[in-house]
Amino acid sequence: MRVLVIGATGKTGHAVTRALASRGIAVRAAVRSVDRQNMAYAAGARSISVVDLVSGAGLPAAVAGVDAVYHLAPNVHPDEVRMAERVAAAAAAEGRARFVFHSVLHPDDASMPHHLRKAEAEHVVRGTVPGATVLRPAAYHQNLLEAARSGRLAVPYSLDSPFSNVDLDDVAEAAAVVLTRHGHEGLTYELAGPEVLSVREQAAVASEVLGHHVSAEHVSPDAWSAGPGTGLPEQARADLLAMFTAYDREGLVGEADTLRRLLGREPRTWADVLRAAGPVDGAATNR
Ligand SMILES: NC(=O)c1ccc[n+]([C@@H]2O[C@H](COP(=O)([O-])OP(=O)(O)OC[C@H]3O[C@@H](n4cnc5c(N)ncnc54)[C@H](OP(=O)(O)O)[C@@H]3O)[C@@H](O)[C@H]2O)c1
168 MRVLVIGATG
178 KTGHAVTRAL
188 ASRGIAVRAA
198 VRSVDRQNMA
208 YAAGARSISV
218 VDLVSGAGLP
228 AAVAGVDAVY
238 HLAPNVHPDE
248 VRMAERVAAA
258 AAAEGRARFV
268 FHSVLHPDDA
278 SMPHHLRKAE
288 AEHVVRGTVP
298 GATVLRPAAY
308 HQNLLEAARS
318 GRLAVPYSLD
328 SPFSNVDLDD
338 VAEAAAVVLT
348 RHGHEGLTYE
358 LAGPEVLSVR
368 EQAAVASEVL
378 GHHVSAEHVS
388 PDAWSAGPGT
398 GLPEQARADL
408 LAMFTAYDRE
418 GLVGEADTLR
428 RLLGREPRTW
438 ADVLRAAGPV
448 DGAATNR
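Start counting the sequence shown at 168; every next residue gets the next number (the working numbering).
Here's what the structure looks like:
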């Protein structure tokens with residue numbers, strides 16, 4: 168079986184490529200530039216296609232002859248609806264490709280513009296590729312992993328809001344399942360982790376697992392804008408500030424039963440992910 172993975176050099180695409188390759192699936196990695204092709208090969212891709220999601224250049228050749236397409240958009244990209252349209256249209260023209268779209272948990276939350284773009288992209292995908300499968304992952308544990316290992320979780324939203332974050336490798340494994348097995352056509356799956364934790368609770372768990380103190384600190388959105396958010400395009404910064412406000416209000420919580428069923432085992436907890444990564448100076452546990 169051959170699967171095209173869009174965004175294979177990014178955080179999510181890399182994990183999905185690795186999950187597929189470890190199951191013996193031939194991954195064709197869509198990369199924006201050949202300069203980064205080694206990242207895709209390192210994840211286990213067998214071949215490379217250069218694709219520009221903004222212009223659509225390279226898409227017909229990339230989808231030619233594949234059995235399935237995994238599509239994701241670059242994070243908070245203003246053009247993500249049209250990107251979905253371009254990739255879905257190329258896959259539909261190829262005819263026989265199974266299509267899986269990587270969306271987000273609660274895409275119809277109108278308080279977050281980039282979530283709403285995902286809802287629109289889902290709509291476009293379903294209308295273009297009959298039988299497309301949609302995955303809606305929660306926020307990844309890996310977003311906070313390196314910060315926890317370095318001893319400080321500093322976030323621009325409430326330390327007490329609830330989150331059911333999910334292990335990215337579990338998401339990638341679920342993606343591999345729906346890409347390679349029948350029975351998921353036309354379905355939409357929420358992929359959330361098995362526990363609900365605030366950032367304050369995540370810091371406490373990390374302190375215990377890693378054996379060193381991990382602080383939880385609130386950073387004001389203004390300080391975030393002037394610091395980590397400063398180099399972002401205006402729209403991406405606005406999208407993320409809207410997300411922090413939504414996180415302040417209600418966090419981001421989903422259910423884990425679907426992921427449990429797809430994996431056929433218990434999804435990994437925050438403690439599992441920390442244990443596998445280990446402390447900064449320590450040896451990571453293989454899994
Ligand atoms: N982070 C989370 O917790 C989370 C949770 C749920 C859903 N999601 C969603 O997952 C998706 C992927 O997020 P991510 O963090 O994995 O993204 P990412 O690391 O930024 O990766 C984006 C990928 O897209 C590629 N790309 C960017 N512009 C491109 C273009 N014009 N043409 C072709 N390729 C292009 C990048 O290539 P280069 O390597 O060349 O830049 C990279 O491979 C996003 O839509 C996000 O909303 C994320």
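Glycine included, each C-beta is placed from N, C-alpha and C at the ideal position.
What's the gap between the Cα of residue i and the Cα of residue j?
i, j, result
"V271", "A305", "6 Å"
"D334", "A260", "34 Å"
"A212", "V376", "33 Å"
"L354", "K285", "16 Å"
"L408", "A256", "32 Å"
"A228", "G262", "14 Å"
"R203", "T176", "7 Å"
"S325", "P400", "24 Å"
"V420", "E352", "25 Å"
"Y414", "D389", "16 Å"
"V301", "L283", "15 Å"
"E367", "R319", "The sequence given here has Arg at residue 367, not Glu. Between R367 and R319, the C-alpha separation is close to 11 Å."
"G350", "S317", "42 Å"
"K178", "R404", "19 Å"
"L441", "N332", "13 Å"
"D448", "T425", "36 Å"
"Y208", "R416", "41 Å"
Quick check on the burial criterion: 16 or more other C-beta atoms within 10 angstroms. Buried or exposed for residue i?
i, result
"V201", "exposed"
"D406", "buried"
"E357", "buried"
"N310", "exposed"
"T397", "exposed"
"V170", "buried"
"Q402", "exposed"
"A299", "buried"
"A315", "buried"
"A188", "buried"
"R348", "exposed"
"V221", "exposed"
"H269", "buried"
Take residue i and list the residues in its own chain whose beta-carbon comes closer than 6 Å to its own, dropping the five residues that flank it on each side.
i, result
"A258", "V230, V236, A264, F266 and V296"
"H181", "A210"
"V172", "G180, V183, T184, V194, A196 and Y237"
"A321", "E384 and V386"
"R432", "none"
"H281", "V243 and D406"
"F411", "P323, Y324 and P388"
Using only alpha-carbon positions, find the residue among the options that is nearest to residue i.
i, options, result
"V183", "A288, V345, P323 and A409", "V345"
"R253", "L312, V301, N242 and G223", "G223"
"R155", "P361, N332, G294 and D327", "Not covered by the structure: residue 155. The range shown for the chain is 168 to 454."
"A288", "P241, G262 and P329", "P241"
"A370", "E313, V217 and A175", "E313"
"D439", "V372, D276, V217 and G318", "V372"
"V363", "Y307, D389 and P395", "Y307"
"M206", "G191, R190 and G174", "G174"
"D336", "T436, V218 and G225", "T436"
"P395", "P323, R367 and V291", "P323"
With distances taken between CB atoms, is the gap from residue i to residue j smaller than 8 Å?
i, j, result
"A341", "L430", "yes"
"A186", "A359", "no"
"D246", "M168", "no"
"S328", "S278", "no"
"F330", "G418", "yes"
"G378", "P434", "no"
"I215", "V198", "yes"
"S392", "V381", "no"
"R293", "P274", "no"
"R190", "A343", "yes"
Would you say residue i faces chain C, with C-beta separation under 8 Å as the test?
i, result
"N332", "Checking the listed chains, one finds no chain C in this structure; it contains a single protein chain."
With a threshold of 8 Å on Cβ separation, who are the neighbours of residue i within its own chain once the five nearest residues in sequence on each side are excluded?
i, result
"G225", "A197, S216, V217, V218 and D219"
"V291", "V248, A251, E252 and A255"
"I192", "M168, R169, V170, A343, L346 and T347"
"D276", "H282, L283 and A413"
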